[in-house]
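Take a look at the structure below.
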Amino acid sequence: MNVRFADRQIRFRIAQEELDRLLTGRSLALDVSMPRAHRFRASVSVTPLGDWQLDSDPTGLWLSVPRSEVEELASSLPSKEGLEHDFNLDAATKVTVAFEVDLRKDQQKAPMT
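Below is the structure:
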């Protein structure tokens, strides 16, 4: 899993194998070592009910994506389109979270015929 931060945007990009893991009910985590023996963790899970959720604190991010949307994304592959959801930070500001499957990684791993 890769996580990219930009102004008012966070992008989670996963491989096909990681998508399969999510669909079996397991979560994904990316741990990044930080100075002074701290760690930052980005975690993704699917939720059977409810809407998108994004929680954060100084130690990490926790994203939950509705199972129905992840299943729909999986059935539409291969596709360059991913999922996006906006989270309101305050009355005038939002952060857009993108969730994508990196098809290029899978193509690189595929044996040549």
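Per my numbering, the very first residue in the sequence shown carries number 138; after that it's consecutive.
Think of the CB as a built atom: it goes at the ideal place given N, C-alpha and C, for glycine as much as any other residue.
These numbers come from a predicted model, not from an experiment.
For L186, there is no enclosing alpha helix (DSSP H), as DSSP marks it with neither H nor E. For A229, the three-state secondary structure derived from DSSP is coil. By the criterion of a C-beta distance shorter than 6 Å, G219 is surrounded in its chain by A235, F236, E237, once the five residues flanking it on both sides are discounted. Residue P203 holds the alpha-carbon nearest to the alpha-carbon of D188 among P203, R178, K217, W199. Every unbroken stretch of the beta strand (DSSP E) spanning 3 or more residues and falling wholly within the segment 200-229 is given here in chain order: 220-225. Taking V183 as reference, the option from V169, V207, L191 with the minimal CA-CA separation is V207.
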